[in-house]
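Enquirer:
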Amino acid sequence: MAALALFAACLWSAPAAADFRLCNNTPSRVGIALGYKDVDGWTTEGWWNVSSRACETLLRGTLVARFYYIYAIDYDRGGEWSGQAFMCSRDKEFTIKGTEDCLARGFDRTGFFEVDTGEQRAWTVQLTESDENNSQRLPGMPGAQAPGGAIPGLSGTPGRTAPATPGLTPDAPGPKP
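What follows is the structure, given as structure tokens:
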């Protein structure tokens, strides 16, 4: 009887969501901008406002790209999570097509950090405090340090989180195709 109940429970369980999510594991509110390439080309979008210790789904459905790009601002304590992949953004809510000529088109040119999803169908990024176990300075983060040399805020696997190393290089002019 117990085996039958377990079998029935498995039949009724919902399928795993295939989304791109971000969890804010800091004591501050953060603003999130996201960049990605789909069949129509490069797009940057923002802003998602994520409360302290909360998660937000940034894109719903199966992921369409391997690489996604994030820029985040700490609203309460200042600072940012950024990188060397330059894309367009602006201060107000936006959806911007293309990554070229940001300034000439009236947008800001912002450094995003890369998230390599390894072509998984779902991914969760964890933003963490930049001063936990300080050991190495990070580019693009004023006064920020990384625990164990990893970029804070970058971990992810489908359905759970695990440490990951971003694909940032100091000379990278923009996002990967």
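Following our numbering, the numbering of the sequence shown begins with -5 at its first residue and continues without gaps. Using N, Cα and C, we set each Cβ at its ideal position, and we do this for glycine too.
Run through DSSP, which three-state label would Lys86 get?
Expert: If DSSP states are grouped into helix, strand and coil, Lys86 belongs with coil.
Enquirer: Output the distance between the C-alpha atoms of Ile64 and Ala98, rounded to the nearest integer angstrom.
Expert: Looking at the two C-alpha atoms, the distance is approximately 22 Å.
Enquirer: Have a look at the DSSP bridge pairing and note the partners of Asn43.
Expert: Note: Asn43 sits in a beta bridge opposite Gly25.
Enquirer: Rounded to the nearest angstrom, how far is the Cβ of Asn19 from that of Leu121, given a contact under 8 Å?
Expert: Right, the Cβ-Cβ distance comes to about 6 Å (below 8 Å), so this counts as a contact.
Enquirer: Of the residues Val58, Cys96 and Ser22, which one's Cα is nearest the Cα of Gly105?
Expert: The shortest Cα separation from Gly105 among Val58, Cys96 and Ser22 belongs to Cys96.
Enquirer: Please name the residue in Ile26, Ala27 and Gly35 whose C-alpha comes closest to that of Glu94.
Expert: For Glu94, the nearest C-alpha among the options comes from Gly35.
Enquirer: From this set, Val58, Asp102 and Cys17, which residue's C-alpha is nearest Phe88's C-alpha?
Expert: Comparing Cα-Cα distances from Phe88 to each of Val58, Asp102 and Cys17, the minimum goes to Asp102.
Enquirer: Helix, strand or coil for Thr122, going by three-state DSSP, please let me know.
Expert: Correct three-state label for Thr122: coil.
Enquirer: Are Ser45 and Arg23 close, meaning C-beta to C-beta below 8 Å?
Expert: Cβ atoms of Ser45 and Arg23: closer than 8 Å.
Enquirer: Which same chain residues end up closer than 8 Å to Glu123 when comparing Cβ atoms and leaving out the 5 residues on each side of it in sequence?
Expert: Taken in chain order, the residues that qualify are Asn19, Thr20, Pro21 and Pro146.
Enquirer: Using the Cα positions of Gln114 and Val58, report the straight-line distance between them to the nearest angstrom.
Expert: Using only the alpha carbons, I get a separation of about 10 Å.
Enquirer: When burial is assigned at 16 or more other CB atoms within 10 Å of the CB, is Val109 buried or exposed?
Expert: Classification of Val109: buried, given that the 10 Å Cβ count is 16 or more.
Enquirer: Work out the CA separation of Gly40 and Cys17 for me, nearest whole Å.
Expert: So the two alpha carbons sit approximately 16 Å from each other.
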